[in-house]
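Read top to bottom, the protein sequences are chains A and B. Quick note on the working numbering: the first sequence kicks off at 1 and runs consecutively. Quick note on the working numbering: the second sequence kicks off at 1 and runs consecutively. Scroll down for the structure; my scribbles are underneath it.
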Amino acid sequence: MRLILSLLGRLGAQVLAMLAAVGRVTLFALETVTHLMRPPFYAREFGHALVQIGWLSLPVVGMTALFTGGALALQIYAGGARFNAETVVPSIVAIGLTRELGPVLGGLMVAARVASSIAAEIGTMKVTEQIDALTTLSTNPMKYLTLPRVLAATLAVPLLVGVGDVIGIMGGFLVGVGRLDFGAGTYLHNTMDFLETWDVVSGMIKGAVFGFIVALMGCYYGMNSGRGAQGVGRATKAAVVAASVLILASNYILTELFFSA
Amino acid sequence: MIELRDVHKAFGSNQVLRGVDLTIPSGTSMVIIGGSGTGKSVALKCVLGLIRHDSGQILLDGQDVTRADRDAFLARFGMLFQGGALFDSLPVWQNVAFRLLRGSLKRPRAEAREIAIEKLRRVGLTPEQADKFPAELSGGMQKRVGLARAICAEPEIIFFDEPTTGLDPIMSGVINDLIREIVTEMGATAMTITHDMTSVRAIADNVAMLHDGVIKWTGPVSEMDDSGDPYLDQFIHGRATGPIAAVR
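Structure follows, in structure tokens:
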């Protein structure tokens, strides 16, 4: 009996700790959003974040999309052959990439690249008292560090997803035409015929949500980093893990919202 | 004038400040000394509002700092951090002119740069250093850049957190002289925390000894050597034996 009570007690403590963490992250997110409505807005920091998060993530997102598109074409061709349905390759590659794999894999790659970098940068700023220095220089750290990054990621990741969709479809096209003997015109025709605007838009909306999550987690764990190199290391790891899990969880929720019958 | 009245601050079960009472008259230089971990930095950060004190009052010119308009309040302060706390991503001149490039004190970029270079010159750095990044400077130079940043907006009150830690004796002397000159020349109120007794004698008008979360002794620096206070005596003479335990 005592053992059961002890286990239940531990479980309860874990649940309470988790709920408290959810509350802290929610308050952090609300504070970030409310800063959007109050001046000043640091345009230079926003521009810098846009380049760092958007432009410099393009190679990794592009490569991911290219290889995913190619692999998807091979898989669908092999699977479709069982039902004599090889011709669905172009349309399934396009739909799979735009709705699901483009935003999710793009989001995860950005999480690995950006959430870690933001958490490490802000965490280091915290342990070296640069955050305190910002405050003494009459600059709100949330406004100067968090808002530009979160806003930049929310705007840049959907664009990355859009570019990733095109590159991914091109990856499928190259494999389809080069390895699977599709005609170039037929492949493109099948892709365009079955792809709907909502497939692309829904993926980009997911991208915006994932971008928000990635930057928010990076900033939250950076701002709450522990002391020393170990503290910054933990913050970086936690930011990537939390961003990745939240991307996958929110992807399911958004898919339910967008596509459930 | 800065007044701390019965200020308490705890972190969990660790009671750091246990009722600090201290007055720093305007235009004077107060140095707070005390062993590591006695709460000197916490006291300083409580005054600035970087840490919220649990109880007691902190007054600036008679006004409770927790009720002051935050921007107007912080605009009166400059601070030199222990490690410099320079922003790695910005060149030296933008670090120095940080306050002049944004917010209520914003100036045109060229004018802000000119002021930054003038302040760098004031702390003994050449204009060539202005476009370098903090990582390209030595520790002593970074400290001087931090000092230039602290005085750039000509604040009424300047805080110095361990200004000579990690510097060689000559560079420590340079920083001490700069602090003394700048504080005198600007007529600013200064609050410094340090372990360095050479700094204390060079910078201080008044000294306060913080131990066990309370001020054990406070008075003019000229009376420090003859205070008769056993805590202060042990600290300033660096004795291993006395009322302050060597192992904490």
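Note that the Cβ used here is the ideal one computed from N, Cα and C, for glycine as well.
Per DSSP, what are the beta-bridge partners of Leu22 (chain B) in this structure?
B:Leu4
Could you run through the region 55 to 76 of chain B and flag, in chain order, every residue whose CB is less than 7 Å away from some CB of chain A?
Asp71, Leu74, Ala75
Do Lys45 (chain B) and Val92 (chain B) have their C-beta atoms within less than 8 Å of each other?
With contacts defined by Cβ atoms closer than 8 Å, Lys45 (chain B) and Val92 (chain B) do not form a contacting pair.
For Ser6 (chain A), count neighbouring Cβ atoms within 10 angstroms of its own Cβ and tell me buried if that reaches 16, exposed if not.
exposed
Give me the chain A residues within the contact set of Met224 (chain B), using Cβ-Cβ distance strictly less than 7 Å, ordered along the chain.
The premise fails here: Met224 (chain B) is roughly 29 Å from chain A at the closest Cβ pair, so nothing lies under 7 Å.
Residue nearest to Ile175 (chain B) in terms of C-alpha spacing, selected from B:Gly124, B:Tyr231, B:Asn206:
With respect to the C-alpha of Ile175 (chain B), the residue from B:Gly124, B:Tyr231, B:Asn206 having the closest C-alpha is B:Gly124.
Here's the rule: buried if 16 or more other CB atoms are within 10 angstroms of the residue's CB, otherwise exposed. What is Leu74 (chain B)?
Looking at its Cβ environment, which holds 16 or more other Cβ atoms inside 10 Å, Leu74 (chain B) is buried.
Closest to Gly96 (chain A) by C-alpha separation, out of A:Ala71, A:Val114, A:Met142, A:Ile53, would be which residue?
A:Ala71
Quick check: Thr218 (chain B) and Thr194 (chain B), are their CB atoms within less than 8 Å of each other?
no
Considering only residues of the same chain and omitting the five flanking positions on each side of Ser199 (chain B), which have a CB-CB separation below 6 Å?
Thr164, Asn176
What are the residues in the region 121 to 153 of chain A lying within 7 Å of chain B by C-beta distance?
Thr128, Glu129, Gln130, Asp132, Ala133, Thr135, Thr136, Leu137, Ser138, Thr139
Apply the 10 Å Cβ neighbour rule to Gln230 (chain A) and answer buried if 16 or more other Cβ atoms are within range, or exposed otherwise.
exposed
Distance cutoff 8 Å, beta carbons only. Does Pro40 (chain A) sit that close to anything in chain B?
yes
Please classify Phe212 (chain A) as buried or exposed, where buried requires at least 16 other C-beta atoms within 10 Å of its C-beta.
buried
Cut-off 7 Å between Cβ atoms - residues of its own chain near Leu58 (chain A), not counting five sequence neighbours on either side:
Residues of the same chain with a CB within less than 7 Å of the CB of Leu58 (chain A), apart from the 5 flanking positions on each side, are Leu160, Val163 in chain order.
Answer yes or no: does any C-beta atom of chain A fall closer than 8 Å to that of Arg102 (chain B)?
yes
Could you confirm whether any beta carbon from chain A is found closer than 8 Å to the beta carbon of Ala85 (chain B)?
yes
Nearest to Asp205 (chain B) by alpha carbon, out of B:Asp196, B:Gly242, B:Glu223, B:His211?
When only C-alpha atoms are compared, the closest one is B:Glu223.
Can you pull the chain A residues whose beta carbon is under 8 Å from the beta carbon of Phe81 (chain B), in chain order?
Simply Glu129, Asp132, Ala133.
Name the chain A residues that come within less than 7 Å of Arg99 (chain B), Cβ to Cβ?
Leu137, Ser138
To the nearest angstrom, report how far apart Thr66 (chain B) and Ile58 (chain B) are at their CA atoms.
8 Å
Is DSSP giving Gly185 (chain A) helix, strand or coil here?
helix
For chain A, is any of its Cβ atoms less than 8 Å away from the one on Leu120 (chain B)?
no
Contact criterion: CB-CB distance below 8 Å. Does Leu50 (chain B) meet it with respect to chain A?
Output row for Leu50 (chain B): interface = yes.
Helix, strand or coil for Ile244 (chain B), going by three-state DSSP, please let me know.
coil
Alpha carbon to alpha carbon, how far is Gly80 (chain A) from Val89 (chain A)? Give it in angstroms, no decimals.
8 Å
Could you tell me which residues DSSP pairs with His211 (chain B) in its beta bridges?
B:Val214
Look at the Cβ atom of Val157 (chain B), then the Cβ atom of Phe98 (chain B), and state whether they are nearer than 8 Å.
Before going further, note that residue 157 (chain B) is Ile rather than Val in the sequence given. No. Outside cutoff.
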